[in-house]
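Taking my numbering, I'd label the letters of the sequence shown as residues 266 to 407.
In this text, a Cβ means the ideal position worked out from N, Cα and C, and glycines have one as well.
Fair warning: this is a prediction, and the values are worked out from it, not measured in the lab.
I have placed the structure first, in the form of structure tokens, so that the comments after it can refer back to it.
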Amino acid sequence: MTLSSDQRSQLLAACPLFHGVSAAGLEALADAAIEVDFHASSVIARQGEIGTGFFVIVSGRVRVVRDGTLLSHLGPGDFFGELSALDGQPRNAMVAAEEPTTCLAIASWDFEAALLANPAVTLAILRGVATRLRAATDALRH
266 MTLSSDQRSQ
276 LLAACPLFHG
286 VSAAGLEALA
296 DAAIEVDFHA
306 SSVIARQGEI
316 GTGFFVIVSG
326 RVRVVRDGTL
336 LSHLGPGDFF
346 GELSALDGQP
356 RNAMVAAEEP
366 TTCLAIASWD
376 FEAALLANPA
386 VTLAILRGVA
396 TRLRAATDAL
406 RH
């Protein structure tokens, strides 16, 4: 499957992390994104390794595992790898395709360049990461 820039922008717009990002910001991210196909059982991100990209799932399904424990399943519109792409630290979980999966991938350096060039994108992503952190923190309290 080959997606146009408009289709990549639409997929990114549907991703919760990018809610509130302007059309111009989405276009900048879409221009940096490439499609990557993974076979079932392919490891997309390895726990403990430095990540070089951020992913949004276009089609398929992945599992997220930390220290051998299944954390979640993700599907179209979900994303992963944003923390390592933002802070350059090792990935905190392994992500593997459970079926043939296509992702939009944005290299860390392209992601950072888009953030530096588009403050509104940076703010929207900061809010998205804060929302996830708050949800994780709240889950630990209950």
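9 Å Cβ cutoff met for residue i and residue j
| i | j | result |
| --- | --- | --- |
| residue 290 | residue 385 | yes |
| residue 365 | residue 324 | yes |
| residue 330 | residue 360 | yes |
Simplified DSSP state of residue i, which is helix, strand or coil
| i | result |
| --- | --- |
| residue 436 | Only positions 266 to 407 of the chain appear in the structure, and residue 436 is not among them; the question remains open. |
| residue 358 | coil |
| residue 302 | strand |
| residue 286 | coil |
| residue 331 | strand |
Closest by C-alpha distance to residue i, when choosing among the options
| i | options | result |
| --- | --- | --- |
| residue 350 | 329, 315, 304 | 315 |
| residue 391 | 284, 268, 273 | 284 |
| residue 371 | 330, 286, 293, 400 | 293 |
| residue 346 | 327, 272, 333 | 327 |
> Counting Cβ pairs, one atom from each stretch, are 3 or more of them under 8 Å apart for the stretch 360 to 376 and the stretch 293 to 306?
Replying inline: yes
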